[in-house]
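**Student:** Just so we're aligned: the sequence shown equals residues -30 to -1, 1 to 424 in mature numbering (1 follows the signal peptide of the UniProt record, and there is no 0). Just passing along the structure, written as structure tokens.
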Amino acid sequence: MSSASAKGSILVTYWCLCFQCLHCLALVSALENDRIPPAPPGLSGLCSRGNLSTLEGLAQCDLACAFADCCWRTSSPAITSCNASNPLCDDYLVCSILDPANATITHSPVPWAPITLNDDCLRNGENLTACEDACRLAECCWKTGTCLREQTEVCNDYVSCAVLLGQDSQAPTNHSADPSIPIAPEALEDYCTVGAIEGDIGSSGVSRCEDFCARAECCWKTDSCLASQAVKCQGYVFCGILSLNETTSSPPLPEAASYLADVCAPHIVANVEGAVLCADACRRGECCWKTMTCLGVHAEQCPGYEPCKALSESDNDVGGMLPVPTNQPSSTGDVADYTEALINDACLNHDNSVVNVCSRVCEGSECCFHPDNLDGTYCGDFPCYKYSACLVLYPLADDAVNQACTSDNLSDCARVCGTSTCCFTQDSEKVCAVTNPGIVCSLFAACGRLYVSP
């Protein structure tokens, strides 16, 4: 043995002995003081799977957790203050990764998954004994789902246990009204996308996607358990691509409107008119937020329709025929929160034949279109500059613009057209998109007379 190797061996030996000594001192300290110290900062990092992959990392985690052995290791000596009611034990929850079979923290009945779980369940072929042993401790995560909501972070580490569901030859092929659905595997997003199906994976990609999704058809195909299994069904949203793949091509999905977050804000959809306005803007993307059947196909566009989910939480039913608005007045606070984009859409793009949402969002702006106020100044504290689209509700005011600009006295025209200068500028730094993005230039077409050379 070389001199360097001999020295290395000696250092390792002494290091191990020192570690055992420190481990002992930690236990003695806890026993003598009859208490558990606060968990050291960064304990989660010390006991992460990455850190445990090295001998030094394993030692660091073991040493840090030694002060609270009784919280998570059944073989540890009992300490009076170390029991299920001790809140400090919760801070040492991550330590159970060192001894998952003996984890005893009652606040978290599911231990952290062993670091070899993925290998045991996914890479060992048909020898699943080790996988079954490890997964048995967390059946409430991947089999029954009874602790998934309370133990989400821990349960996520057991996704590979889902392979065991296919081992039961007696498993029913038809879903019951409230079936037990496994947690969706992380690979689902990779195999159930347009790129995976049409790209290099080809037909095998469809087969793999189908294999994963067959366990939860009631989530994405029949919708029979979408309500009762809402938490776990969220993980299978990418399976919707299989329904679309049965057709020749998926329908195009337009980008969500930029003002969607404003028009679908909770306080807007709380009233019928606002809910109708939101529903109208969201209707094109229902497969993203309502039926969730195109999330895999339109992965880029669907996030833009996220605000539409506010409709699901609203008490207002906007399905089918649009409802007749109630007679209850809205709060002035709601009106103040309307944006220019929302107002423009309500008055210029929205079908107001059933519910006049333009009148709803323009409520309070009447003074802005009074003949004495056509220069665009504020009516008290009311922001008239945002409400130019509401001019469609006031034909007399619209006529006033036309009349002022067809008379011989151009001073009247200049007075009513003061806010529309950006509509006629040739300076790129003063266009309406920069200086007044809320204005509707078509309503001020008559003002063009001011910009015609004599």
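Heads up, the beta-carbon is just placed ideally off N, CA and C, and yes, glycines get one too.
#1: Between the Cα of Asn319 and those of Tyr128, Gly255 and Asp250, spot the shortest distance and give me the residue it belongs to.
#2: Hey, is Val362's beta-carbon within less than 8 Å of any beta-carbon in chain C?
#3: Going by C-alpha to C-alpha distance, which of Ala415, Gln396, Cys392 and Glu399 sits closest to Asn406?
#4: Just reading off the alpha helix (DSSP H) that Gly12 is part of, what are its end residues?
#5: For Gln199, count the other beta carbons within 10 Å of its own beta carbon; 16 or more makes it buried, fewer makes it exposed. Which is it?
#6: May I ask you to report which of helix, strand or coil DSSP gives Phe352?
#7: Just mark Lys113 as buried or exposed, buried being the case when its beta carbon has 16 or more other beta carbons within 10 Å.
#8: Quick check: Cys59 and Val80, are their CB atoms within less than 8 Å of each other?
#9: Would Ala316 and Leu247 be called neighbours here (beta carbons separated by less than 8 Å)?
#10: So what's Ile238 in DSSP terms, helix, strand or just coil?
#11: Ordered along the chain, which non-local residues of its own chain (more than five positions away) have a Cβ less than 8 Å from that of Asn126?
#12: Could you tell me the alpha carbon to alpha carbon distance between Gly27 and Leu68, rounded to whole angstroms?
#13: Are the beta-carbon atoms of Ile6 and Cys41 separated by less than 8 Å?
#14: Can you tell me whether Gln396 is buried or exposed? The criterion is at least 16 other CB atoms within 10 Å of its CB, across all chains shown.
#15: Let me confirm a value: Gln(-11) is counted as buried when at least 16 other C-beta atoms fall within 10 Å, else exposed. Which label applies?
#16: Could you check the C-alpha separation between Leu292 and Leu107 for me, to the nearest Å?
#17: Specify, as a first and last residue, the run of the alpha helix (DSSP H) that residue 427 falls within.
#18: Please check the pair Ala384 and Leu361, which I expect to be a contact at CB under 8 Å, by giving their CB distance rounded to whole angstroms.
#19: Beta-carbon separation of Cys278 and Cys332 under 8 Å?
#20: Return helix, strand or coil for Thr395, following the three-state DSSP convention.
#21: Which term fits Asp103, buried or exposed, when burial requires 16 or more other beta carbons within 10 angstroms of its beta carbon?
#22: If we call anything under 8 Å between Cβ atoms a contact, is Cys179 one with Leu212?
#23: What are the boundary residues of the alpha helix (DSSP H) that includes Ser381?
#24: Going by C-alpha distance, which of Asp160, Cys272, Lys191 and Glu399 is nearest Ala227?
#25: Going by DSSP, what residue range makes up the alpha helix (DSSP H) through Ile153?
#26: Between which two residues does the alpha helix (DSSP H) carrying Gln30 extend?
#27: Along the chain, where does the alpha helix (DSSP H) that runs through Ile313 open and close?
#28: Would you report the Cα separation of Ala415 and Cys258, rounded to the nearest angstrom?
#29: With a threshold of 16 other CB atoms inside 10 Å of the CB of Glu123, please say whether the residue is buried or exposed.
#30: Distance, Cα to Cα, Cys252 vs Glu276?
#31: Is the distance from the Cβ of Tyr229 to the Cβ of Thr309 below 8 Å?
#32: Note down the Cα distance separating Ala280 from Leu223, rounded to an integer number of angstroms.
#33: Ser130 and Val64: beta carbons closer than 8 Å?
#34: Quick check: what's the CA-CA separation for Val404 versus Thr376?
**Tutor:** Looking at the atomic coordinates:
#1: Taking Asn319 as reference, the option from Tyr128, Gly255 and Asp250 with the minimal CA-CA separation is Asp250.
#2: The structure shown contains no chain C; it is built from a single protein chain.
#3: Closest option to Asn406, Cα to Cα, is Cys392.
#4: Counting along the chain, Gly12 falls outside any alpha helix (DSSP H), and DSSP gives it neither H nor E.
#5: Counting C-beta atoms within 10 angstroms of its own C-beta, Gln199 has 16 or more neighbours from the protein chains shown and is therefore classed as buried.
#6: Per DSSP, reduced to three states, the secondary structure at Phe352 is strand.
#7: Result: buried.
#8: No Cβ-Cβ contact shorter than 8 Å links Cys59 with Val80.
#9: In contact: Ala316 and Leu247 (Cβ atoms closer than 8 Å).
#10: Shown here, Ile238 sits in a helix according to DSSP, grouped into three states.
#11: So the list reads Ile153, once near-sequence residues are dropped.
#12: Roughly 12 Å separates the two Cα atoms.
#13: Less than 8 Å divides the Cβ of Ile6 from the Cβ of Cys41.
#14: Burial call: exposed.
#15: Unreliable placement is indicated for Gln(-11), whose pLDDT of 46 sits below 50; no coordinate value is reported for it.
#16: Bear in mind that the predicted position of Leu292 carries a pLDDT of just 33, short of 50, making it too unreliable to give a figure here.
#17: Residue numbering for the chain in the displayed model covers -30 to 424; residue 427 lies beyond these limits and cannot be assessed.
#18: That belief does not hold up - the Cβ atoms of Ala384 and Leu361 are roughly 18 Å apart, past 8 Å.
#19: In this structure, the beta-carbon distance from Cys278 to Cys332 does not fall below 8 Å.
#20: Residue state, collapsed to three classes: coil.
#21: When all chains shown are included, Asp103 counts as exposed.
#22: Yes.
#23: That run of the alpha helix (DSSP H) goes Leu380 to Val386.
#24: The shortest Cα separation from Ala227 among Asp160, Cys272, Lys191 and Glu399 belongs to Cys272.
#25: Neither: Ile153 is in no alpha helix (DSSP H) and is coded neither H nor E.
#26: Unbroken alpha helix (DSSP H) run through Gln30: Leu25 to Cys35.
#27: Unbroken alpha helix (DSSP H) run through Ile313: Glu310 to Asn314.
#28: Roughly 40 Å between the two C-alpha positions.
#29: Glu123 counts as exposed, since fewer than 16 other beta carbons sit within 10 angstroms of its beta carbon.
#30: Inter-residue distance for Cys252 and Glu276 is about 10 Å (C-alpha atoms, whole angstroms).
#31: Against a cut-off of 8 Å, the Cβ pair of Thr309 and Tyr229 comes out as a contact.
#32: Roughly 20 Å between the two C-alpha positions.
#33: No, Cβ-Cβ distance for Ser130 and Val64 is not below 8 Å.
#34: Approximately 29 Å, taken between the alpha carbons.
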